[in-house]
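The next block holds one structure in the form of structure tokens; read it before the comments.
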Amino acid sequence: MALLISKLGGEIKPSATLRLMEEVSSLEKEYGFKIIDLTSGQPDRGPTEDVLAALFEGGKLSRYGPVQGDPELREVLSGVINKEIGVRYDPQDIAITVGAKGGLDILMRVLLEPGESMGIMTPFWVTYPESVKIAYGIPCFLLPDGGLRPNPEKLRREIEAKNIKVLLYSSPCNPSGVVYTKDELEEIAKIVKEKDIWVIADEIYNKFLFDGKKHESILSIEGMRDNAILVDGPSKRLGVPGWRLGYVAGPSEVIKALTKLQGHVNSGTSRPAQYAMRVAYTSQKAKEATDDMRQRYERNRNVFVKGLNEIDGISCIKPEGAFYAFPSIDNFFGSKYEFAGKEFAIRSSVDFRNFLLRKAQVAGVEGAPFGMDSHIRFSLATGEENIVNALNYINHAMKELHL
């Protein structure tokens, strides 16, 4: 009799974005063409030289450090949070985690009992529901309005109907690029306080705002300190996703519990990376590099979204932040095309993604893992030449579709 893995191990889905990287490489090898990869959830540039120098200097820190994170870094982050969203957190109420993803993963186990429900604002980052399942919670998907924005009245009804204990959202939103307004956050805050539930704000993209928009945080709303938890980190703003650094700020009892669990899960995150992060958050060069990325991605957005909306059958809202475009493509469900001597039908976002890979040599991520099978996500974190070429290739490939 063969030994069996757990039910959880068998049911958890792989990360769609990470899995697709492997599929793109495989397709390039099999058919010999070069694919324009617009799947990446990471900036196209790395850290500045002063931050890299700090990483090398921090390499001397080879022993275990505090599980909650370097005290000096937490002091720096306390100042950063206060400056950026106007809320003062004591360094003791901040924990450094193995990426924002690692912080979210442990938070699920801190906040949820097995069988309790977490409300996830749709569309959502692909890892959210799987992290809830790993904590033996129940992911409940809260639908937006027609513009992919939060709908407070619908949200209130669903929180009541589904007995939600924790609410989770990202703003700027991955994948839609929607940035929650102060009015929207105030309405959500009223519901959170009225129902006395937790809310997790994933603000990892808060340095990527377009059209002069200002970042608003639910944590800055009066009375939310006891209910709201912030998740953030340097991966996007500093171009260091491979360093696996993030942080969580929130009520003392949450941070204490998270730190206890983290002590058993991973013993805390990289000390050299934390040392460099301390420098990065106070570096003028790093700040300028982040703003340069933001400006380039805004230009990419302008070109790409305009071009997508000129293609008959595709509709794309204009992202207000993050660095993705999330067009609807369900008008093409039912269409067919030929490739390598075979006929293929498009019935889902996965099928449309495969169509673009095969016929346009452009890679995007299907919308289904983000909670919206009617859409596809493209990353804007690339060079302008890739954006222009991708548009041309997509436009040409669409002519190959037929009923």
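The opening residue of the sequence shown carries number 22 in this note's numbering; numbering runs sequentially from there.
The beta carbon of each residue, even a glycine, is placed where N, CA and C say it ideally should be.
On a predicted model such as this, the values are computed, not experimentally measured, just so you know.
Among residues of its own chain, excluding the 5 on either side of residue i, which ones have a beta-carbon nearer than 7 Å to its beta-carbon?
i, result
"Phe353", "Gly334, Ile367, Phe373, Leu422"
"Gly244", "Lys214"
Output yes or no for whether 7 Å exceeds the beta carbon distance between residue i and residue j.
i, j, result
"Ala278", "Val131", "yes"
"Lys211", "Ser138", "no"
"Glu387", "Ser370", "yes"
"Ala116", "Val269", "yes"
"Thr118", "Lys228", "no"
"Ala384", "Thr60", "yes"
"Ala343", "Tyr190", "no"
"Arg246", "Leu94", "no"
"Ile338", "Asn416", "no"
"Gln316", "Ile127", "no"
"Val72", "Ala301", "yes"
"Thr69", "Ala402", "no"
"Tyr149", "Pro135", "no"
"Ala37", "Pro348", "no"
"Leu206", "Glu237", "yes"
"Leu377", "Leu48", "no"
"Leu169", "Ser197", "yes"
"Val88", "Thr280", "yes"
Can you find a C-beta in chain B that's less than 7 Å from the C-beta of residue i?
i, result
"Lys308", "Chain labels in this structure do not include chain B; a single protein chain is all it has."
Are there 16 or more other CB atoms within 10 angstroms of the CB of residue i, so buried, or fewer, so exposed?
i, result
"Thr303", "exposed"
"Gly355", "exposed"
"Glu43", "exposed"
"Phe54", "exposed"
"Leu125", "buried"
"Ala297", "buried"
"Glu224", "buried"
"Ala411", "buried"
"Asn321", "buried"
"Ile397", "buried"
"Gly392", "buried"
"Pro64", "buried"
"Tyr52", "exposed"
"Lys235", "exposed"
"Ile185", "buried"
Leaving out the 5 sequence neighbours to the left and right, which residues in its chain are closer than 6 Å to residue i when beta-carbon positions are compared?
i, result
"Ala418", "Lys380, Ala381"
"Gly120", "Arg265, Gly267"
"Ser256", "Pro262"
"Glu179", "Leu163"
"Asp351", "Ser395"
"Phe360", "Arg379"
"Val326", "Cys337, Lys339, Ala346"
"Gly67", "Gly260"
"Ile33", "Glu151"
"Asp91", "Gln295"
Give me the Cβ distance between residue i and residue j, rounded to the nearest whole Å; I'm assuming they're in contact under 8 Å.
i, j, result
"Thr290", "Leu259", "In fact, because the Cβ distance is near 15 Å, the residues do not count as touching under 8 Å."
"Ser241", "Gly107", "5 Å"
"Ile209", "Pro173", "6 Å"
"Val324", "Val252", "So it is not a contact: roughly 31 Å between Cβ atoms."
"Asp232", "Glu341", "7 Å"
"Leu29", "Ile155", "7 Å"
Beta-carbon within less than 8 Å of residue i's beta-carbon, same chain only, minus the 5 sequence neighbours each way: which residues are those?
i, result
"Tyr414", "Ile57, Ala381, Gln382, Val383"
"Gly86", "Gly289, Arg292, Gln295"
"Lys357", "Glu364, Phe365, Ala366, Ile367, Leu422, His423, Leu424"
"Ser99", "Arg109, Tyr110, Asp111, Pro112, Ile115"
Is residue i near the ligand SAM, judged by its Cβ being under 6 Å from some heavy atom?
i, result
"His285", "Summarising the ligand content, the structure contains no ligands, and the ligand SAM is consequently not present."
Flag this pair as touching only if the segment 260–275 and the segment 143–154 have three or more C-beta atom pairs under 8 Å; answer yes or no.
no
Original post:
Do the segment 146–161 and the segment 198–210 touch if we need at least three Cβ pairs shorter than 8 Å?
Top reply: no
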